[in-house]
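Protein chains in written order, with the working numbering: chain A, 77 to 325; chain B, 77 to 325.
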């Protein structure tokens with residue numbers, strides 16, 4: 077164990093450091109591309125600017141996402157490596173609440189990484205006593221407009237879904253899913269990202285906080301509203317701007 | 077070569093992706109702690125908010141740092157793994173311009189990582205035909221107030237220096253160096269970080285842009301001014317706030 081592995085519980089950013097540890101461990105297990113650690117760091121910076129908390133507009137967006145997932149005919153949770161590393165167990169719980177599949181859909185697809193991720197989710201499925209269907213291993217359809225392995229998907233999963241929850245999604249793929257006419261529910265800490273902006277609902281919050289909130293909200297079956305995504309994103313930006321204004325004056 | 081290794085030169089964020097590639101390669105060579113990739117991602121987020129450019133207040137701060145390095149009796153460049161990975165060659169050029177040593181000072185110190193970093197700088201020294209002194213391998217002094225290996229330093233380097241350039245420095249160490257009465261010139265993309273705030277001069281800019289600017293500025297021997305660090309940091313925050321305000325209205 078290196079000095080780096082020890083997280084002091086009294087550290088003011090203990091939660092954030094424990095989350096970071098999960099990403100590092102998943103990396104060591106071969107579940108992540110190199111860029112996953114960098115992507116996590118980018119998220120950390122935005123979370124720091126949000127005060128590492130669920131701000132009111134993010135809670136509203138989470139409630140809206142819960143409503144749309146509950147109402148959907150064919151919901152799917154589309155998970156990448158970071159989402160599985162950070163909240164695999166919670167996503168299985170959510171899929172079980174909704175009675176829907178999880179589809180693993182990673183940007184840098186290799187058989188080794190797919191195998192590690194499927195294995196990890198199956199292990200958690202067994203541990204939780206759940207029987208959530210895990211798709212993505214045998215893609216048989218394509219998301220139109222995406223080149224190469226990034227466009228691969230499964231017909232009974234993402235391809236036929238009407239509503240997709242995509243935590244930490246790439247901007248291109250988010251746009252392509254919207255172009256397919258789907259409702260895309262995005263979790264992204266950067267309110268300026270293309271994913272947050274083009275998604276039907278953009279939840280500007282840290283993924284483990286969102287999954288915990290979704291698990292509470294889904295059983296309450298909230299009703300969808302006429303969601304104004306731009307308004308929620310501007311509210312997140314305003315929160316960050318508030319943190320920065322007149323800091324040194 | 078994986079899909080991840082190929083960077084498209086027409087990508088709008090090509091420079092940023094090439095910089096990221098350097099960090100990933102240094103990681104593969106054993107020069108970096110796991111957290112280095114995450115730290116790099118945090119920096120990327122702030123650089124994105126700055127528009128991946130040297131803003132005017134950052135150029136002023138770089139000029140101020142150049143002035144103070146030129147005027148210093150015993151300047152030292154204190155480099156960690158990320159700084160060496162990103163701009164090792166430029167830092168050797170700067171040390172050569174100033175006739176000062178480089179001291180390697182890493183947060184998670186292991187003999188393997190120190191060896192890899194010293195070897196890398198010695199290789200670049202030879203490649204450039206320079207003879208810059210590389211310190212840090214045999215620490216014989218301590219920075220007061222820092223526990224464990226983080227406080228280790230060398231007497232003819234950091235310990236006796238009057239002016240230290242610290243790119244990407246940890247907040248605790250920055251404060252401890254200031255407490256020793258030194259001028260501390262910080263490079264940090266987060267204008268809210270403790271390092272940026274407690275340093276004598278905080279340069280809110282990406283390290284490879286800063287080194288290129290320093291190499292141009294040092295030969296001009298600019299004169300130090302009465303530097304107001306808070307004003308420069310607020311100016312960086314204002315730039316970010318500008319990016320975020322009324323984005324969606």
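Using N, Cα and C, we set each Cβ at its ideal position, and we do this for glycine too. Everything numeric in this text was worked out from a predicted model, so none of it was measured.
Tell me, please, whether the CB atom of residue i is closer than 8 Å to any CB atom in chain B?
i, result
"residue 252/A", "no"
"residue 316/A", "yes"
"residue 216/A", "no"
"residue 281/A", "no"
"residue 58/A", "The shown model of chain A, from 77 to 325, leaves out residue 58/A, and the question about it has no answer."
"residue 306/A", "yes"
"residue 113/A", "yes"
"residue 199/A", "no"
So that I know if they touch, is there some Cβ in chain A lying closer than 8 Å to that of residue i?
i, result
"residue 278/B", "no"
"residue 116/B", "yes"
"residue 323/B", "yes"
"residue 94/B", "no"
"residue 90/B", "no"
"residue 262/B", "no"
"residue 313/B", "yes"
"residue 310/B", "yes"
"residue 163/B", "no"
"residue 137/B", "no"
"residue 121/B", "yes"
"residue 107/B", "no"
"residue 100/B", "yes"
"residue 268/B", "yes"
"residue 190/B", "no"
"residue 78/B", "Note that residue 78/B has pLDDT 44, beneath the 50 cutoff, so the model's placement of it is unreliable and the number below is only indicative. So, interface residue."
"residue 85/B", "no"
Under the three-state reduction of DSSP, which class applies to residue i: helix, strand or coil?
i, result
"residue 229/B", "strand"
"residue 132/A", "helix"
"residue 126/A", "helix"
"residue 99/A", "helix"
"residue 92/A", "helix"
"residue 299/A", "coil"
"residue 116/B", "helix"
"residue 235/A", "helix"
"residue 78/A", "Since pLDDT at residue 78/A reaches only 44, below the 50 mark, its modelled position is unreliable, and the value read off the structure follows with that caveat. If DSSP states are grouped into helix, strand and coil, residue 78/A belongs with coil."
"residue 111/A", "helix"
"residue 38/A", "Chain A is shown only over 77 to 325; residue 38/A falls outside these bounds and no answer can be derived."
In the DSSP assignment, find the alpha helix (DSSP H) that holds residue i and state where it starts and stops.
i, result
"residue 278/A", "First-last for residue 278/A: 277–279, but that is the beta strand (DSSP E), not the alpha helix (DSSP H)."
"residue 107/A", "Looking at the DSSP string, residue 107/A is not in any alpha helix (DSSP H), and its letter there is neither H nor E."
"residue 291/B", "283–293"
"residue 319/B", "305–320"
"residue 252/A", "247–255"
Pull the bridge partners of residue i from the DSSP assignment, please.
i, result
"residue 261/A", "241/A and 277/A"
Using a Cβ cut-off of 8 Å (strictly closer), state whether residue i contacts chain E.
i, result
"residue 256/B", "No chain E appears in this structure, whose protein chains are A and B."
field: In chain order, each beta strand (DSSP E) run of at least 3 residues that lies wholly inside the region 138–224 of chain A
entry: 151–155 and 178–180
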